[in-house]
Amino acid sequence: MPAAPQRPRGLKDILPAEQPYWVVMTRAAEAMAVGAGYQRIDTPIFEATELFVRTVGETSDVVTKEMYTFLDRGGRSMTLRPEGTAPVVRAYFDAAMNNGPQPVRLYYLGPFFRYDRPQAGRFRQFHQFGLEAIGDAGAGLDVEVITLGWRWYGALGLRGVSLQVNSIGDAECRPRYRDALRQYFRPYLDSLPADDRARFERNPLRLLDSKDPQSMSLLEAAPRSLDFLCEPCRAAFAQVQAGLGRAGIPFAVNPHLVRGLDYYTRTAFEYWHESLSGAQNSLGGGGRYDGLAEDLGYRPTPAVGFALGLDRTEGILQAQESAPAIYALAVEPSALEGMKALAEQIRERGLAVIADVSDAQLDVKLRRADRMRAALVLLVGLPEDGTECVSIRDMKARAQQQVKRGELHDRVRGMLAAHAAVPG
Ligand code: AMP
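423 is the number that numbering that gives the first Met the number 0 gives the last residue of the sequence shown; the numbers go up by one with no jumps.
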């Protein structure tokens, strides 16, 4: 028999047990984005290769090495989208959104593709939630976008997230910073790997993105973009920090944070998680990209946005929380029908319930609920006098309480909210 086909390296299935987290993440994203006036946009899964090559500048760059590029039957070069911003900007001009009221607020959710070396937290198909606010240069919009990302992690109940912000200046002040970086790195040039030497020549800001240990150790003492900002960039960065302060969002100014590509200007930010380390510590990031439209061949148009990875966030949610599911079981066989009716009622009111309809022993059913990582277990009993009684067990807190039928639904909702995720 021929060997069964293998799942390609770097790809994964999103299995049923993981789906509740995806439901929670996408619903929170939609609620957050729509609530702030962002409209959904879906761009194609692949685009003309040219669109992405223009955003990275040089075809020999590491970014283009990560692209899934193929020739279609007409001999045209196409690429599976490695990121969402360039396609959204293309669509903005294609649909003449630049002629309407500005800024245009857009969001997207979907899969992206990069031929990365597969490792923990890095997949060849991964998913992002992105926001792009196009057509306004004001720092107030940077604050809006950064705040929405922060609130999204909050809505998911994700703990341990930190916000890192920086400003990388603009076309006015960046050349001076670039020169300073070249001057700093020049004496070490021979000890850098080939990729980083190429970066030194073409765009030394990209050295700050380097994953090479030698380059990274040199970064500690490297010049900082904040020391080179021109007056308008300095004022904009002060506005961003004041705005975040007013919104009550804690942040750290991180002078090593950059977006290496030329079209990025001023604000750069990332959301980090304490459980992630090394090159994969970022849950998501974004920045202002006032130069991108022009690099793509359109009229210069300021914009700001973010892309937040869903795959890593899901991993953390899974490790952090019990699955946001309710598991219902009958304490004795006589209560089975009553339990099923109860599960049905809860489902009708919009919550997901798994009903254990087996005739297994109580302890077996409880172990199943535990293995499914249910947040709450409903235990339905029928004591001697025939009146149905229901208890709720909070699996994380290991606490159990009896509740009246009339109060059951509100109690369940309240307890699930404490688990920071209400699916269904
Ligand atoms: P980027 O578009 O490179 O700024 O990435 C934004 C976020 O998307 C990262 O912080 C990750 O959470 C996620 N991400 C990027 N590349 C991958 C990948 N290969 N696998 C999984 N998640 C990724």
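From the three backbone atoms N, C-alpha and C, an ideal C-beta is built for every residue, glycine too.
All of these numbers come straight from a predicted model, not from anything done at the bench.
Check	Outcome
Assign Pro81 to one of two classes, buried (16 or more other C-beta atoms within 10 Å of its C-beta) or exposed (fewer than that).	buried
For Ile345, which three-state DSSP category applies?	helix
Determine the DSSP secondary structure at His255, reduced to helix, strand or coil.	coil
On the premise that Val142 lies in contact with Ala132, defined as a C-beta separation below 8 Å, what is that separation, rounded to the nearest angstrom?	In fact, because the Cβ distance is near 11 Å, the residues do not count as touching under 8 Å.
Considering only the beta carbon of each residue, do Asp355 and Leu377 sit closer than 7 Å?	no
May I ask you to verify whether the stretch 253–264 touches the stretch 213–224, counting CB pairs closer than 8 Å and requiring at least 3?	yes
Is Asp310 a contact residue of the ligand FAD, with contact defined as CB to any heavy atom under 6 Å?	The ligand FAD is not among the ligands present in this structure, which contains only the ligand AMP.
Out of Trp149, Pro19, Phe51, point me to the one whose CA is closest to Ala246's CA.	Trp149
Would you mind working out which of Tyr176, Ala351, Leu204 sits nearest His408, comparing C-alpha positions?	Ala351
For the stretch 133–188, which segments carrying the beta strand (DSSP E) assignment without a break, of at least 3 residues, lie completely within its bounds, in sequence order?	160–166
When we look at the beta-carbon of Lys364 and count the other beta-carbons within 10 Å, is it buried (16 or more) or exposed?	buried
If I measure Cβ to Cβ from Met414 and keep anything under 7 Å in the same chain, skipping five residues before and after, which residues do I get?	Leu375, Ile391, Asp393
Quick check on Asp362: buried or exposed, where buried means 16 or more other Cβ atoms within 10 Å of its Cβ?	exposed
Take Tyr288 and list the residues in its own chain whose beta-carbon comes closer than 6 Å to its own, dropping the five residues that flank it on each side.	Tyr262, Tyr263, Ala302
With 16 as the cutoff for other CB atoms within 10 Å, does Pro4 come out buried or exposed?	exposed
Tell me which same chain residues have a C-beta within less than 7 Å of the C-beta of Val87, skipping the five on either side of it?	Ile40, Thr42, Leu105, Tyr107, Glu131
Are the CB atoms of Gly9 and Phe122 nearer to each other than 7 Å?	yes
Which residues share a DSSP beta bridge with Asp393?	Leu375, Ala398
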